[in-house]
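Following: one structure in structure tokens, then a few remarks.
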Amino acid sequence: MQYALEGSQALARTVALCRPQVIAAYPITPQTHIVENLSKLVADGVLDCELVSVESEFSAASVVLGAVAAGARAYTASSSQGILLMCEVLFNIAGLRLPMVMTCANRAVSGPLSIWNDQQDSMAVRDAGWIQLYCTSNQDAVDTTIQAYHISEQTELPVMVCVDGFTLTHTLEVLDIPDQQQVDRYLPPFNFERRLDPASPISIGTLVAPDYFTEARGDHHRAMNNAQQAIVAAAAGWEDVCGRRQNPLICIHDMTDARIGILTLGSIAGTLADARDRYQNVPATRLMALRTFRPFPAEAIRQACAGLTDLVVLERALSPGSGGIVGTEIRAALSEMQNAPRVHNFSVGLGGRDVPLDIYPRIHEAVRAGSGIPFDIIDLEPDKLPAAV
Amino acid sequence: MGDSPDQMNYRHLRHAQPRFSGLESGHRACQGCGEALGARLVTEAAGPDVVYANATGCLEVFTTAWPDSSWRVPWIHSLFENAPAVAAGMEAALKARGKATRVISMGGDGSTFDIGFQALSGMLERGHNVLHVCFDNEAYMNTGVQRSSSTPHAAATTTSPSGKERMGKRHLKKDIVSIVAAHHIPYAATSSVAYPSDIRKKVRRALAIDGPTFLHIHTPCPLGWGHDGALSIEVARLAVQTGLFPIIELERGRLAGSMPIRTVRPVTDYLQLQTRFRHLFADDDRAREELEHLQALADHNIEIYNLRGTQADSRDSEGADTVRRGGMRWA
Amino acid sequence: MQPTDHCIPRGAAGNMIEIRIHGRGGQGNVVAAYLLATAAFEEGRHVQAFPNFGAERRGAPVTAFVRIADRPIRRRCQVLEPAFLIVQDDTLLHLPDITAGLQAGGAVLVNSTRDGAELAAQLDCAVVALPASALAQEILGRPVPNTALLSAFLALTGLLPQAALLKALGQRFHGKVLEHNRQLVEQAAAQVSAGAWQEGPHAVRA
Numbered sequence: 276m277q278y279a280l281e282g283s284q285a286l287a288r289t290v291a292l293c294r295p296q297v298i299a300a301y302p303i304t305p306q307t308h309i310v311e312n313l314s315k316l317v318a319d320g321v322l323d324c325e326l327v328s329v330e331s332e333f334s335a336a337s338v339v340l341g342a343v344a345a346g347a348r349a350y351t352a353s354s355s356q357g358i359l360l361m362c363e364v365l366f367n368i369a370g371l372r373l374p375m376v377m378t379c380a381n382r383a384v385s386g387p388l389s390i391w392n393d394q395q396d397s398m399a400v401r402d403a404g405w406i407q408l409y410c411t412s413n414q415d416a417v418d419t420t421i422q423a424y425h426i427s428e429q430t431e432l433p434v435m436v437c438v439d440g441f442t443l444t445h446t447l448e449v450l451d452i453p454d455q456q457q458v459d460r461y462l463p464p465f466n467f468e469r470r471l472d473p474a475s476p477i478s479i480g481t482l483v484a485p486d487y488f489t490e491a492r493g494d495h496h497r498a499m500n501n502a503q504q505a506i507v508a509a510a511a512g513w514e515d516v517c518g519r520r521q522n523p524l525i526c527i528h529d530m531t532d533a534r535i536g537i538l539t540l541g542s543i544a545g546t547l548a549d550a551r552d553r554y555q556n557v558p559a560t561r562l563m564a565l566r567t568f569r570p571f572p573a574e575a576i577r578q579a580c581a582g583l584t585d586l587v588v589l590e591r592a593l594s595p596g597s598g599g600i601v602g603t604e605i606r607a608a609l610s611e612m613q614n615a616p617r618v619h620n621f622s623v624g625l626g627g628r629d630v631p632l633d634i635y636p637r638i639h640e641a642v643r644a645g646s647g648i649p650f651d652i653i654d655l656e657p658d659k660l661p662a663a664v
Numbered sequence: 021m022g023d024s025p026d027q028m029n030y031r032h033l034r035h036a037q038p039r040f041s042g043l044e045s046g047h048r049a050c051q052g053c054g055e056a057l058g059a060r061l062v063t064e065a066a067g068p069d070v071v072y073a074n075a076t077g078c079l080e081v082f083t084t085a086w087p088d089s090s091w092r093v094p095w096i097h098s099l100f101e102n103a104p105a106v107a108a109g110m111e112a113a114l115k116a117r118g119k120a121t122r123v124i125s126m127g128g129d130g131s132t133f134d135i136g137f138q139a140l141s142g143m144l145e146r147g148h149n150v151l152h153v154c155f156d157n158e159a160y161m162n163t164g165v166q167r168s169s170s171t172p173h174a175a176a177t178t179t180s181p182s183g184k185e186r187m188g189k190r191h192l193k194k195d196i197v198s199i200v201a202a203h204h205i206p207y208a209a210t211s212s213v214a215y216p217s218d219i220r221k222k223v224r225r226a227l228a229i230d231g232p233t234f235l236h237i238h239t240p241c242p243l244g245w246g247h248d249g250a251l252s253i254e255v256a257r258l259a260v261q262t263g264l265f266p267i268i269e270l271e272r273g274r275l276a277g278s279m280p281i282r283t284v285r286p287v288t289d290y291l292q293l294q295t296r297f298r299h300l301f302a303d304d305d306r307a308r309e310e311l312e313h314l315q316a317l318a319d320h321n322i323e324i325y326n327l328r329g330t331q332a333d334s335r336d337s338e339g340a341d342t343v344r345r346g347g348m349r350w351a
Numbered sequence: 004m005q006p007t008d009h010c011i012p013r014g015a016a017g018n019m020i021e022i023r024i025h026g027r028g029g030q031g032n033v034v035a036a037y038l039l040a041t042a043a044f045e046e047g048r049h050v051q052a053f054p055n056f057g058a059e060r061r062g063a064p065v066t067a068f069v070r071i072a073d074r075p076i077r078r079r080c081q082v083l084e085p086a087f088l089i090v091q092d093d094t095l096l097h098l099p100d101i102t103a104g105l106q107a108g109g110a111v112l113v114n115s116t117r118d119g120a121e122l123a124a125q126l127d128c129a130v131v132a133l134p135a136s137a138l139a140q141e142i143l144g145r146p147v148p149n150t151a152l153l154s155a156f157l158a159l160t161g162l163l164p165q166a167a168l169l170k171a172l173g174q175r176f177h178g179k180v181l182e183h184n185r186q187l188v189e190q191a192a193a194q195v196s197a198g199a200w201q202e203g204p205h206a207v208r209a
């Protein structure tokens, strides 16, 4: 059913439809409306679950860890500083193979302080062992959140659903919220085989010496790689239920005979689509939005880039002193291609700087100029920089 | 057992009773480890229908060298600072699933007093139906005896050693049970591995209560405190009998019971058994001053908790002192 | 069922109207945007509404954006070339860039007791002034300008019927408050010349 909803509101309703049994709530801009809306649903008796209003994000992640270990479907959300604060727990959850879903409302990481959107927070924890899915729109976020539970419980890997903070969370738009029967058909009740149960006691989180640790980590890595199949299957399964097609690994917008491609993650994909229609006097361009970042779908990316001479990786984070994060990984993946495209890696929109339509001709200009710089912050305004040290 | 009824005494009776073994033998604790004893007593008293969250520290390290585990109860170790939060999550899950299984959170002094303090406070404040047990060996023992806020004043650790300029830890032992009690939880108590029945009773009492409860158990560490493993119980008992570690119960922040000391011992009886206090016995004015400080702390505890007891009680059949509540013997 | 690829919806932007709403923190700037978008949704349009998020404090200038289109809206950038401006507080007219990007033929609706012609001269574009706060004070008992401004805006542009706005209001208000809002919608619409902006720039360049 269609509603005009703010992104966070839609996410809260979606989470409620997934029948979580325990939710840990700690506020941080721009995720706060999600937990506020969930609190209201609980207070109004719409959502029957244990809502634990914890005292920090560290505890939020710890509470959902314990909840899943004790056999309950759980949810929490955070951003930026909160994601970083719970970092240790994120590694723990993934390493202990506890299935759960978390929304990361992407926001820049201090310092300096910023409450606005970029993807530094989720990128900073890309090695924690979570599945990471990046949403291009609020409808995408709704559908991906539901699929995330399916994927997580099937693979026993936690899933982080990345949703651009403010840009998506605080935008009101028309969204289709599935009904409870549709979600129930798709998501059976959570039945975690390794849950803590006095009838059959186990120990979780033991000390593992060098003679077994490698295998534990190797098993996790293998499970993450295999999860690509589950991600694809989950999308197909959800399409059967709701009729909306998802591009589970990478979304390719018009596979034309374009020689130039622009790949991005998240909501700026929509802006690029409109920009491409407006600015017709630049070369034909293939637009791509990477949805699955972890596991890293190298093969799907290579296939998506087939035939390109130039690929622009336009990302919302960077590694200071190195450059792009996504771009670096994509370069590595493409290096195994015959006739791999030249990669032009840019960061854009850091700390919530607006990414306007004319970024598109500016990207093309940069590609044409062919600067040879492996990485640049394309929207940096040099006159605002302090004098070089 | 083949003994005649005349020979049956309380020792045999006790051993003949079936006991639930939550922590099995075969773990790798040091000889004389107070924490291992404490954990065995706690899990025994709590019974099988409990799930445990255990903070990082000696206990989880020496009990779970994968693929083996000493725990016969469902048990999870997550991180150092989050056992009470993990426990809160488990409690919420069990509640949501309609289960009556209880939840116990366990941690040492490092996780309870320091790095996990926030998580503990949050769990208490939200009123979760969780018992947090702190096994207090008064330092970060697992990592090699570094000071925690539980380390007693003037004790030597690797990060609070004695030397030309210092006489061990400068700061006082954090009064954790008062801080916990200030959350106005239904029940907060201290105990010691020198009084096993006291621990059992308090665990059962706590689990009979609906709401957050806290048990602070003094557990000697022979390695870290510097005494022979065979002396652990004696050392633990002396800590109580000097008044340095008072055995008390607090309900909603108010003193509800205490274990009186029949014969108060001077603090030196306790301190001289442990090399972590060795520097206090030097022929040194500062050492003498610190001994006075410690004696004053002990005297203060005896006074505020009214710990001075009467003469020996011949009816005390268990051979252990008992917490007196409101003047009546509490069994 | 024909699957729709909503990852990046296909098709050009088509007819899209972009509106920028200026206000001060505490005046319901975001609410105005959401109400307008919701009204358009009730009429079957595709919509997008969002604030120019800042560290909002009461009284600080804030901006919100609305897009209304007949196709799914894909772009997520700020509205740089609005067809219309709605200004909730006329003291904001002193801001140097307030009309920045306003399209040729675009128009501004201002909550003001001042004379529209005077403001038009000051801003050098089409301006309609409406004493929205005063109207609201009279009918609602609080000087909240949103309902009046939105009603006038719809009347001027012919973009949506008043009924759509009333439906949107009905989701937020009930009983007496809703009834008073209904009266305010009528009165405000009556105070402007209906359809005066119908020939405005109704389509953003695709």
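Residue numbers (my numbering), protein chains in the order written: chain U, 276 to 664; chain C, 21 to 351; chain E, 4 to 209. Backbone N, C-alpha and C define an ideal beta-carbon position, used for all residues, glycine too. These numbers were taken from a predicted model, which means no experiment stands behind them.
C-beta contact flag for residue i and residue j at 9 Å
i	j	result
E:V69	E:I142	no
U:I426	U:V434	yes
U:S353	U:A336	yes
U:I652	U:L625	yes
E:T116	E:A137	yes
U:L632	U:A544	no
E:A36	E:A67	yes
C:P286	C:Q315	yes
U:G480	C:S98	yes
C:M187	C:A307	yes
Within chain E, the residues that residue i reaches when beta carbons sit closer than 9 Å
i	result
U:L609	Those do not exist, as U:L609 stays about 22 Å from chain E at its closest Cβ, beyond 9 Å.
Beta-bridge pairing of residue i - partner residues as DSSP gives them
i	result
C:Y160	C:Q166
E:M19	E:A72
C:E271	C:R274
Alpha-carbon to alpha-carbon, residue j and residue i
i	j	result
U:N466	C:V106	19 Å
C:R11	C:S212	Coverage of chain C is limited to positions 21 through 351, which leaves residue 11 of chain C absent and any answer about it impossible.
E:L95	E:Q106	19 Å
U:A505	U:Q429	7 Å
C:D129	C:H152	12 Å
C:V165	C:G54	15 Å
U:S389	U:C293	32 Å
U:P464	U:P374	13 Å
U:Y301	U:V436	17 Å
C:L33	U:Q407	60 Å
C:D134	U:D494	34 Å
E:H97	U:Q277	41 Å
U:R470	U:A344	5 Å
C:R122	C:V93	12 Å
Within chain C, partners of residue i - CB distance below 9 Å
i	result
U:A269	The structure shown has nothing for residue 269 of chain U, since chain U only spans 276 to 664.
Interface residues of chain U facing residue i [CB-CB closer than 8 Å]
i	result
E:L162	Simply none; closest approach about 16 Å.
C:D69	P473
C:M110	G341, A342, A344, A345, L471
C:G142	V329, E330, S331, S334
E:Q51	T446, L447, E448
E:A124	By Cβ distance, chain U contributes nothing, its closest Cβ being about 31 Å from E:A124, past 8 Å.
Cβ-Cβ separation, residue j to residue i (assumed contact under 8 Å), whole Å
i	j	result
U:T420	U:V376	7 Å
U:C580	U:L609	6 Å
U:N392	U:T446	11 Å between Cβ atoms; not a contact.
Per-residue contacts from residue i into chain E (C-beta, under 7 Å)
i	result
U:S542	R79
7 Å Cβ cut-off: residues of chain C touching residue i
i	result
U:G480	I96, H97, S98
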